[in-house]
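Visitor: Every letter in the sequence shown is one number past the one before it in this note's numbering, and letter 255, counting from 1, is 1425. Backbone N, C-alpha and C fix where the C-beta goes; we use that ideal spot for every residue, glycine too.
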Amino acid sequence: MPGEQFDGFIELSRGVNATRNPMLLPESQCARAINVSFRGGKARTRPAWVALEGDRLPAGVFRGMARWSLERSDWLVLVIDASVYTFAIGTMVLTKHADFDTSYGNCFFTQADRFMVVQDGEGEPIVLKESGGTPSVLEPTEFEDEQSGITIRTPSIPPGTIGLFAHGRIHMVPKFVQNTSVSGKQYLESGDIMLPDEPESVLRFTETSYLSEGGAHAMPLEMGNIGGLGVLRNAQTGTGLGSVVAFARNGVCAFDFSISRTQWKDQVLSNVLFFGPGCRSPRSVLAVNDDLLYRGLDGIRALRYSVTQSAGSSGTLSNTPLSQEVTPFLENDTPWLPNVSSALWDNRFLCTCGGHTARDGSFGGLISWDVGASYYNGVSAAGVYDGLWTGFQVNQITHALRDYEMEVFAISSTNKLYRLDLDAVLDPGDTPIKSRIETKSMMFGDVVTTKRLNYVELWLSEVATTTEVTIYYRPHAYPLWKKLGDTRTVTIPPGGRAQPCTRLRFNIDFSAENCNPITQEPLYLGQGFQLAVEWTGRATIDRLRASVEPVGEQNPDPCDQEGAVIEPSPMAGQELPDYDYQFPETP
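1) Please state whether DSSP places Gly1338 in a helix, a strand or coil.
2) Which of the three DSSP states is assigned to Ser1480 in this structure?
3) Does the separation of the CB atoms of Tyr1751 and Asn1191 fall below 8 Å?
4) In whole angstroms, what separates the C-alpha of Thr1189 from that of Val1618?
5) In whole angstroms, give me the CA-to-CA distance for Ala1416 and Ser1511.
6) I need the boundaries of the beta strand (DSSP E) containing Thr1280, first residue and last residue.
7) Would His1332 be called buried (16 or more neighbouring beta carbons within 10 Å of its own) or exposed?
8) To the nearest angstrom, how far is the alpha carbon of Cys1671 from that of Ala1203?
9) Is DSSP giving His1646 helix, strand or coil here?
10) What is the rounded straight-line gap between the Cα of Asp1271 and the Cα of Asp1290?
11) In whole angstroms, what is the alpha-carbon distance linking Arg1453 and Glu1241?
12) Distance check for Thr1324 and Gly1599, CA to CA, integer angstroms please.
13) Arg1453 by DSSP, collapsed to three states: which one?
14) For Glu1758, which option in Arg1237, Glu1495, Thr1256 and Asp1426 has the closest C-alpha, if you only look at C-alpha atoms?
15) Pick helix, strand or coil for Ala1130, following the three-state DSSP scheme.
16) Run through the stretch 1490 to 1521 for me and flag every whole alpha helix (DSSP H) of 4 or more residues, listed as ranges in chain order.
17) So what does DSSP say about Arg1667, is it helix, strand or coil?
18) Please report how far the alpha carbon of Thr1350 lies from the alpha carbon of Glu1377, in whole angstroms.
19) Three or more beta-carbon pairs under 8 Å between the stretch 1244 to 1256 and the stretch 1634 to 1649, yes or no?
20) For Ile1537, write down the residues that DSSP places opposite it in a beta bridge.
21) Going by C-alpha to C-alpha distance, which of Pro1747, Thr1609, Pro1310 and Gly1210 sits closest to Tyr1546?
22) Spell out the partners DSSP gives Asn1677 in its beta bridges.
23) Excluding five sequence neighbours on each side, which residues of the same chain lie with their C-beta closer than 6 Å to the C-beta of Leu1714?
24) Is Val1372 helix, strand or coil when you go by DSSP?
25) Tell me the DSSP secondary structure of Pro1192 in three-state form.
26) When the Cα atoms are used, what is the spatial distance from Ser1451 to Ala1418?
27) Please report the distance separating the alpha-carbon of Met1613 from that of Asp1530.
28) When you compare only the Cα positions, how much space is there between Gly1655 and Arg1675?
29) Quick check: the Cα distance between Arg1214 and Thr1601, rounded to an integer number of angstroms?
30) Terminal residues of the continuous beta strand (DSSP E) containing Tyr1546?
31) Among Arg1589, Gln1199, Ile1259 and Ser1681, which residue has its Cα nearest to the Cα of Trp1515?
32) Which residues mark the beginning and the end of the beta strand (DSSP E) in which Ile1180 is found?
33) When DSSP labels each residue in this structure, what does Glu1377 get in the three-state scheme?
34) Counting C-beta neighbours from all protein chains within 10 Å, is the total for Arg1226 16 or more, i.e. buried, or is it exposed?
35) Checking contacts by CB at 8 Å: is His1387 closer than that to chain B?
36) Can you tell which of Pro1649, Ala1702, Arg1622 and Ile1688 has its C-alpha closest to the C-alpha of Gln1175?
If you want it as structure tokens, here you go:
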């Protein structure tokens, strides 16, 4: 074709950037991605979800879930309505243990050595213990201390919410500051040190109640309620375990509990690390290598402690925003931040998002951030965003060991458990996964000359199941999408091996296109074009090439290209929803 010009891509090793103008994106990045993984540099269908077989969870109000990790195995601890359950990952057996007086509101979980403390924020916590591979409720015991004559109860943890086990103690946000009616939402209280020959001692708060060796720890400034707890690692302490970090609404504060408790009353334990957007998502705080990742009020952030090689270095701290590339997926979640959760799986940081898609506290999908991108994709970035993963309404995600492998588990809004599986091809119900990428705006080497889009050619590889492919296009900056040609189907026989499919061609139908109501030009004319590739099945986008033909810098006659009869419309085209893919949840 005379004057034919081409543009396209071979690799997308830098993943998605949904915030930057599509014209300004680099060659190796795309503008949007749904249900896609960029690991290895190519855009491919994300890993599939599989349903967990075994005992089913009861219906009811989901209030929280956590990993309980012990030497023998991992359990998931859940609260549904008023009841506390454990779900054995190895045997898939669900066991009910106890009931709270409340049946609503988020619950909170703190693993302290071999014990799991479950709080409902109102009454006394329920403490689980493990003995001989079987979890059970720890029944309270009492004894009289010979020196003081005080009756000591185990456990004696006061009602509270967010908790953390560090430096041999439980540190938690109490419902009330002990012996007062003051709300404890802006305070921390610390329990007794765990004794090696008496592990149950970690479940007592007698030092605060009776010895007064440091009461409640207040935030040093008005920073709002505490919304998350974590602990820094790689710090300059004898154990390498640093300060307990409290994420409040308006900043981040650290408490140094590494010093002897007898000195707490005489030393300043707290230290303001950062002002600014804080955290209201306690389930999102996650230690990744030497960083603390969390869902801040303005997106995903990392609190980092870096130690230089020089002797005597005290290290440096940074609080880095990480999620500018996926801001459109996160910006509407503010009312649902207390329910946001995160997990680490396969060198990916996963975080729930899309709370605006439902009103029941669940989320429409996950953000996937590949933290191993420098290794897998060969790029110098700290990580690469895969974009948005959808499929079902997610109540919470967490990670835990299954068959000696770390996996991510999710509970849906219908109280069904799923896990991601690298080997699975289809989602539950044998559902082919619907994926999409939106490319950068391709300018074909010239940003001012008007061009006519002719066709798009697509190469696929690793097609593992019958896959339908549709391509959409739009002129640069046009808000809606227009389908390009017909949907193509690549048929893979049942049980067949994954294979390539070369040079699928999608042609413009010049006689059936619509006008841009502003420019009065056909939509197949523009200075540049953005493409959307949507495929339902499982495949890797190996490469893409688009063909255009320059039509000159002068404005063409309105809507008369090649004699086509094209009716102008108020706004031709369609939107491509982000959250429309959902697999069926079987009863």
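Guide: In short:
1) Coil, per DSSP.
2) Low local confidence applies: a pLDDT of 32 at Ser1480 is under 50, so the model's placement there is unreliable, and no value is given.
3) The beta carbons of Tyr1751 and Asn1191 sit no closer together than 8 Å.
4) So the alpha carbons of these two residues sit roughly 23 Å apart.
5) For Ala1416 and Ser1511, the distance between alpha carbons rounds to 17 Å.
6) Note, Thr1280: beta strand (DSSP E), Phe1278 to Ala1282.
7) The sequence given here has Ile at residue 1332, not His. The residue is buried, with at least 16 neighbouring Cβ atoms inside 10 Å.
8) In this model, Cys1671 and Ala1203 are separated by some 21 Å (Cα to Cα).
9) If DSSP states are grouped into helix, strand and coil, His1646 belongs with coil.
10) When the Cα atoms are used, Asp1271 and Asp1290 turn out to be separated by approximately 9 Å.
11) When rounded, the separation of the alpha-carbon atoms in Arg1453 and Glu1241 is 23 Å.
12) Whole-angstrom Cα-Cα distance: 48 Å.
13) Reduced to three states, the DSSP call for Arg1453 is helix.
14) For residue 1758 there is no data in the structure shown, the boundaries of the chain being 1171 and 1757.
15) Nothing can be reported for residue 1130, as the shown portion of the chain is limited to 1171 through 1757.
16) The alpha helix (DSSP H) runs lying completely inside the stretch 1490 to 1521 and spanning 4 residues or more are 1497 to 1500, given in chain order.
17) Three-state result, Arg1667: coil.
18) Between the alpha carbons of Thr1350 and Glu1377 lies a distance of about 17 Å.
19) Counting Cβ pairs under 8 Å, fewer than three are found: no touch.
20) Paired residues: Cys1521 and Leu1558.
21) Of all alpha-carbon atoms in Pro1747, Thr1609, Pro1310 and Gly1210, the one lying nearest the alpha-carbon of Tyr1546 is that of Gly1210.
22) DSSP, once it has assigned bridges, lists Tyr1625 as partnering Asn1677.
23) Closer than 6 Å at Cβ, skipping near neighbours: Gly1178, Phe1179 and Leu1628.
24) Note: Val1372 maps to helix in three-state DSSP.
25) In the three-state scheme derived from DSSP, where H, G and I count as helix and E and B as strand, Pro1192 is classed as helix.
26) Going from the Cα of Ser1451 to the Cα of Ala1418 covers about 10 Å.
27) So the alpha carbons of these two residues sit roughly 44 Å apart.
28) Those two C-alpha atoms are separated by around 9 Å.
29) Arg1214 and Thr1601 have their C-alpha atoms roughly 17 Å apart.
30) From DSSP, Tyr1546 is part of no beta strand (DSSP E) but of the alpha helix (DSSP H) over Ala1543 to Tyr1546.
31) The shortest Cα separation from Trp1515 among Arg1589, Gln1199, Ile1259 and Ser1681 belongs to Arg1589.
32) From DSSP, Ile1180 is part of no beta strand (DSSP E); its letter is neither H nor E.
33) Here Glu1377 sits in helix by DSSP.
34) Its Cβ having fewer than 16 others within 10 Å, Arg1226 is exposed.
35) Note that chain B does not occur in the displayed structure, where there is just one protein chain.
36) Taking the Cα of Gln1175 as reference, the smallest distance to any Cα among Pro1649, Ala1702, Arg1622 and Ile1688 is reached at Arg1622.
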